[in-house]
Every structure is written in C-alpha cells, then in structure tokens.
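Just below is one structure, and these are the notes that go with it.
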Amino acid sequence: MSGEKGGIEIHRGLKGVYFDRSPTCFIDGRAGELRYRGYSIHDLARHSTFEETACLLLEGELPDAAGIENFRARLRAARELPGAIYDIIRSIAHAHPMEVLRTAVSALGAFDPEGADNSREATCRKGVRLAAQVPMIVAAHDNIRKGRKPVPARPDLGHAANFLHMLKGEAPSEDAARLMDVDMLLHAEHGSNASSFAARVVTGTEANLHASLTAAVAALSGPAHGGAAENVMRMAQEVAEPANAAAYVKAKRRRREPIMGFGHRVYRAEDPRARHMREGVERLSREMGQPHWFDILQALVDAMAPYARHGIHVNVDFYAGVVYYLNGISEDLFVPIFAIGRVPGWTVQVLEQLDQNILIRPLTHYTGPAPRDYVPIDRR
Ligand code: CMC
858 MSGEKGGIEI HRGLKGVYFD RSPTCFIDGR AGELRYRGYS IHDLARHSTF
908 EETACLLLEG ELPDAAGIEN FRARLRAARE LPGAIYDIIR SIAHAHPMEV
958 LRTAVSALGA FDPEGADNSR EATCRKGVRL AAQVPMIVAA HDNIRKGRKP
1008 VPARPDLGHA ANFLHMLKGE APSEDAARLM DVDMLLHAEH GSNASSFAAR
1058 VVTGTEANLH ASLTAAVAAL SGPAHGGAAE NVMRMAQEVA EPANAAAYVK
1108 AKRRRREPIM GFGHRVYRAE DPRARHMREG VERLSREMGQ PHWFDILQAL
1158 VDAMAPYARH GIHVNVDFYA GVVYYLNGIS EDLFVPIFAI GRVPGWTVQV
1208 LEQLDQNILI RPLTHYTGPA PRDYVPIDRR
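What follows is the structure, encoded as structure tokens:
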C-alpha cells in the first residue's frame, strides 16, 4: 500500500484487500492454516479423496455413501469429449499443454448443452462436467503429441487413477494413484488466488462458466502462480547436487530473482499443503532409488532458512513437481495437473460470485499528462 495525493490509497496487486465474503476457504497465512468449509486440509489429505472434497466444496457438506456414489457417477458419465475437441487438440498439438487446455476449455463452451445457462444449478452441472473433461484434455493432448491415440477413460477407476491411466495407458499403482489423489485434493481450492479472481472478474460481467474457466486457466499458466512446479523441477536439475544448493540460492538472490516454490502472497508460515507433498517426495524418491531429489530439495530449504524470518517458506509447488517427475510425467504437464485439481475451486468461486453477482471494476489513479490540445499529425 502506498499513500497518494488527495487521500487516495493505492493497493498494488490488491495486496491485503478483501473484496467479498466466502464460506468456503479459510486461510490463516500467519499460522499456516487452511480449511475447506471448516475441515482442516491435513484431515482431508489424510482421510478424504478428491471426489469427496470436490463434493464438499460444490455442495457444502461432506457426502454420505449414496451422495459420493452419485457424485462419482456424474463424473464418470461426463468422461467424454466431442470429436471436434480432439480435432482442435490435434491442430495445436505442438503448443504448451496449458495453451491447449485453455483453448479446449474455451471451445467446450460451444458444445456444452447448457453452455449459456448461468443458473446456479446449470453452472454446478457444468462444473462437474468440466472436472471430468479437463483431465481428458490433458491426457489426450499428451498422447496425441507423442504420436499415440487418446486412451479411453476407465469407469472403474477414481478421478486421479483414471487420469494416470489415460496419461500412461496403464492403471497406476495404488500408491501412485493415492499420491495424485491427495495432490489434486490439496490444489482443489485456495480462496481468492489469481486464477480464481480472474474467474470471478469474468463471472462479474455475467459471462458463462466456460468463459470464466478459460480466464482462470490463462491466469494459472504464469510462473508466479501455477507455473512454479515446472520451474522447481528445472531448478532441482540445475542444482544437481545438494552441495550446490547454497551457491545456487546466493547467485539467484544476487540477481534478485525469486527461488521457485518459495514465498506466497498470503502465507507467512509454511504453506500447509507442502507437508503432504514433502512426505510423498521423501517416500517416492527413496522407494525409486533416487533419494538425491529429496536431498536436493532439503538442501534448498536449508539454504533458504535465513529468509524464513521474512516470512518466506516453501509453498505447495515446491515438492509437487518432483512427485510428478518421479511418476514419469513430463514437466510441462505439472501446471495442467494443478488445473485438474482446481476445477472444483474455480467452479465454487464462480457460484459464489453468481449468488450476489456484481461487476468487479476497481479504479486506477490517473498520473498521466495534464489536459492538452490535440495536435494534427503534420505538426507533431
Ligand atoms: N525467493 C526469494 N525471495 C522472495 C521469494 C522467493 N521465492 N518470494 C518473495 N521473496 C521476497 C521478495 O524479493 C520481496 O523482497 P523485498 O521486499 O526485499 O523486495 C519479498 O519477499 C516480498 O515478495 P513479493 O514479491 O512482494 O511477494 P508477493 O506476494 O508479491 O509474491 C509470489 C508472491 C508467489 C509471486 C512470490 O513469492 C514468488 O515469485 N515465488 C516464486 C514463485 C512461486 O513459487 N509461485 C507459486 C506460488 S504458490 C502456488 C499458487 O497458489 O499459485
């Protein structure tokens, strides 16, 4: 925040500005606490599933046995893409998966039977359909660009396991599926982050869910938001040895560059989501005989220790990238996987915006030239 003449206060990046109320996501940045509708993220990560958490977010309460079966059936039923979407994916198969995802989500709006219906009920149904379709787009693109045919969904598999099956053409181990399930659950919602805010801005104009989620995917693609996981893996490869971590951090900070996977707009303590991914990296890297990845990450944490007193700690993306890497997933799919997890969160933010919709239209304080006369082109 910085004061300006005339009593105007400028909040660059809208830092610390509350723009609405929300019953969904509680974040205490100082304590490092995150809750979805009152439930601690730690309890959900230990005991819940992506589907159950998505249901909690979209419907307000944890489902009972019949409720979760109904929700799973809705997801299964929506696991199909129109042929034209595959054609679009083929025509831009060379592009970054986030560009493909953004384009395909936008195009899906033209095929959804309720595309233009902005009622709460239709928006919720569209959100569930998109939750099922987004992983299909990501997996189909990866197969197509590698010269393979898209792998059909398997109705007997849960959301995360089916995604891994579609991506690799074989059912994942129970452990790999559970780790991906927890990863998606941890990413499912996070308050007024940049992509959710982008979705709300678009909804504020009364545009539909597909338009809002297209904007959300676009916002997520940047390295300051979802793109960090991809960069963390590159950083770990660049560091190569735990012994190089301190020099790497020093050199980066000398150039005033951020260390990827550290820092957060809201958290001043460790991002509570990071703990579960750290456990996953530690276990997976030892099981797969590649413990150096975990050791490199820990060496980076040690090298960053002096920044902790400035509130800079690891965020959710720090460990996630290595989990995906160890699962044999291409680096450029790390952000799309974040997007797969975030669809319920984006949808719930849009639903909240719709509940009491208002155009989001802040102000910029003019600092340009004083009024002046137009000068014809031949006299400039
Ligand atoms: N490494 C080193 N210093 C940092 C870092 C970092 N990763 N992040 C912030 N700082 C410093 C920054 O240099 C600044 O110092 P000074 O006041 O001396 O200039 C101070 O901390 C405040 O930083 P800021 O940029 O004003 O903070 P912000 O709230 O605008 O930025 C952020 C938040 C996430 C963009 C930033 O921390 C960053 O670029 N991190 C690396 C990228 C990353 O990991 N992003 C994933 C975020 S979590 C997943 C998600 O929800 O999207």
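Number 976 in my numbering belongs to position 119 of the sequence shown; there are no gaps in the numbering. Cβ atoms here follow ideal geometry from the backbone N, Cα and C, with glycine treated the same way. Please read these numbers as outputs of a predicted model, since none were measured by experiment.
- Query: Taking just the CA atoms, how far does residue 1101 sit from residue 917?
  - Reply: Position 60 of the sequence shown, counted from the start, is the residue given in the question as residue 917. Position 244 of the sequence shown, counted from the start, is the residue given in the question as residue 1101. Taking the straight line from one Cα to the other gives about 47 Å.
| said: For the structure I just gave you, are there three or more beta carbon pairs, one from the stretch 1173-1193 and one from the stretch 1145-1154, closer than 8 Å? | reply: The stretch 1173-1193 makes contact with the stretch 1145-1154, as at least three CB pairs between them are under 8 Å.
So who's on the other strand from residue 885, going by DSSP bridges? The count along the sequence shown starts at 1 and reaches residue 885 at position 28. For residue 885, which the question treats as bridged, DSSP gives the partners 890.
- Item | Near the ligand CMC: residue 995 beta-carbon under 8 Å from a heavy atom | Working through the sequence shown from its first residue, we reach residue 995 at position 138. False, no ligand heavy atom lies under 8 Å from that Cβ.
Query - Own chain residues within Cβ distance below 8 Å of residue 1126, not counting five before or after - result: Translated into the one-based positions of the sequence shown, residue 1126 becomes position 269. In the same chain as residue 1126, and ignoring 5 residues on each side of it, the C-beta atoms closer than 8 Å to its own belong to 886, 887, 888, 889, 1168 and 1170, in chain order.
Note to self: With the cut-off set at 9 Å, would you say residue 914 and residue 1204 are in Cβ contact?
What the structure shows: Taking the first residue of the sequence shown as 1, we reach residue 914 at position 57. Taking the first residue of the sequence shown as 1, we reach residue 1204 at position 347. Yes, the pair counts as a contact, with Cβ atoms nearer than the cut-off.
#### Entry: Among 901, 1097, 1213 and 1066, the one whose alpha carbon lies nearest that of residue 968
Stepping through the sequence shown from its first residue, residue 968 is reached at position 111. Looking from the CA of residue 968, the closest CA among 901, 1097, 1213 and 1066 belongs to 1066.
For this session: Mind reading off the beta-carbon distance from residue 1001 to residue 947? Whole number of angstroms is fine, and I expect it under 8 Å.
Result: Residue numbering aside, residue 1001 sits at position 144 when the sequence shown is read from its first letter. Residue numbering aside, residue 947 sits at position 90 when the sequence shown is read from its first letter. Contact flag correct, Cβ pair sits at about 6 Å.
- Could you tell me the boundaries of the alpha helix (DSSP H) in which residue 1107 lies? Taking the first residue of the sequence shown as position 1, residue 1107 is located at position 250. Unbroken alpha helix (DSSP H) run through residue 1107: 1102-1111.
Closest to residue 1106 by C-alpha separation, out of 937, 1157 and 880, would be which residue? Here residue 1106 refers to the residue found at position 249 when the sequence shown is read from its first residue. If we check each option's Cα against that of residue 1106, 1157 comes out closest.
Three or more C-beta pairs closer than 8 Å, one from the stretch 971-986 and one from the stretch 1002-1014: is that the case here? Pairwise C-beta distances place the stretch 971-986 out of contact with the stretch 1002-1014, as fewer than three of them are shorter than 8 Å.
Report, in whole angstroms, the separation of the C-beta atoms of residue 1032 and residue 1086, which I expect to be a contact under 8 Å. Mapped onto the sequence shown, residue 1032 falls at position 175. Mapped onto the sequence shown, residue 1086 falls at position 229. The pair is not a contact, with the Cβ atoms about 20 Å apart (cut-off 8 Å).
Regarding residue 1160 and the ligand SAH, is the C-beta to nearest heavy atom distance less than 8 Å?
The ligand SAH is not part of this structure, which contains only the ligand CMC.
Notebook entry, point to check: With burial defined as no fewer than 16 other Cβ atoms inside 10 Å of the residue's Cβ, what is the status of residue 860: buried or exposed?
Noted result: Locating residue 860 in the sequence shown gives position 3, where the first residue counts as 1. Summary for residue 860: the model assigns pLDDT 47, below 50, so the residue's position carries little reliability; its value from the coordinates is reported in the next sentence. By the neighbour-count criterion, in which a residue is buried when 16 or more other Cβ atoms sit within 10 angstroms of its Cβ, residue 860 is exposed.
Determine the closest residue to residue 1007 out of 1097, 1018 and 992, with distance taken between C-alpha atoms.
Against the sequence shown, residue 1007 aligns to sequence position 150. Comparing alpha carbon positions, the residue from 1097, 1018 and 992 closest to residue 1007 is 992.
Inset, instruction - Hey, could you find the ends of the alpha helix (DSSP H) residue 963 is sitting in? - result: In the sequence shown, the residue the question calls residue 963 occupies position 106. Counting along the chain, residue 963 sits inside the alpha helix (DSSP H) bounded by residues 954-965.
Residue 866 by DSSP, collapsed to three states: which one?
If you number the sequence shown from 1, residue 866 lands on position 9. Under the three-state reduction of DSSP, residue 866 is assigned to strand.
* What's the call for residue 895, buried or exposed, on a 16-neighbour Cβ count within 10 Å? -> Mapped onto the sequence shown, residue 895 falls at position 38. Looking at its Cβ environment, which holds fewer than 16 other Cβ atoms inside 10 Å, residue 895 is exposed.
For residue 1019 and residue 1058, I'd like the C-alpha separation in whole angstroms. Taking the first residue of the sequence shown as 1, we reach residue 1019 at position 162. Taking the first residue of the sequence shown as 1, we reach residue 1058 at position 201. C-alpha separation (whole angstroms): 32 Å.
query: Of the choices 1207, 1003, 1235 and 863, whose alpha-carbon is the least far from that of residue 1048?
result: For the purposes of this step, residue 1048 is identified with residue 191 of the sequence shown, where counting begins at 1. Distance check between residue 1048 and each of 1207, 1003, 1235 and 863 places 1207 closest, using alpha-carbon atoms only.
task: Report back the beta-carbon spacing between residue 950 and residue 998 to the nearest angstrom; my notes put them in contact at under 8 Å.
output: Looking up residue 950 in the sequence shown gives position 93. Looking up residue 998 in the sequence shown gives position 141. Indeed, because the Cβ distance is near 7 Å, the residues count as touching under 8 Å.
| message | Rounded to whole angstroms, what is the Cα-Cα separation between residue 1056 and residue 1074? | response | One-based indexing of the sequence shown puts residue 1056 at position 199. One-based indexing of the sequence shown puts residue 1074 at position 217. C-alpha separation (whole angstroms): 9 Å.
In angstroms with no decimal places, state the Cα-to-Cα distance between residue 1176 and residue 1228. Translated into positions along the sequence shown, residue 1176 becomes position 319. Translated into positions along the sequence shown, residue 1228 becomes position 371. Those two C-alpha atoms are separated by around 53 Å.
Fill in: Span of the alpha helix (DSSP H), counted from its first residue to its last, around residue 1182
Position 325 of the sequence shown, counting from 1, holds the residue named residue 1182. 1174-1183 is the span of the alpha helix (DSSP H), which, as asked, contains residue 1182.
Cβ separation of residue 1202 and residue 1053, assumed to be a contact under 8 Å, to the nearest whole Å: Mapped onto the sequence shown, residue 1202 falls at position 345. Mapped onto the sequence shown, residue 1053 falls at position 196. The beta carbons of residue 1202 and residue 1053 sit about 6 Å from each other, so the pair counts as a contact at 8 Å.
Residue range of the unbroken alpha helix (DSSP H) whose run includes residue 906 = Residue mapping note: residue 906 aligns to position 49 of the sequence shown, counting from 1. Looking at the DSSP string, residue 906 is not in any alpha helix (DSSP H), and its letter there is neither H nor E.
Three-way DSSP call (helix, strand, coil) for residue 1243 in this model
Look at the range of the chain in this structure, 858 to 1237, and you will see that residue 1243 is not part of it.
Using only the heavy atoms of the ligand CMC, determine whether one of them is closer than 8 Å to the beta carbon of residue 1166.
Sequence index remark: in the sequence shown, residue 1166 carries index 309 (1-based). Checking every heavy atom of the ligand CMC against the Cβ of residue 1166, none is found closer than 8 Å.
Label residue 871 either buried or exposed according to how many other C-beta atoms from any shown protein chain fall within 10 Å of its C-beta, with 16 as the threshold for buried. Working through the sequence shown from its first residue, we reach residue 871 at position 14. Counting Cβ neighbours within 10 Å, residue 871 comes out exposed, since fewer than 16 surround it.
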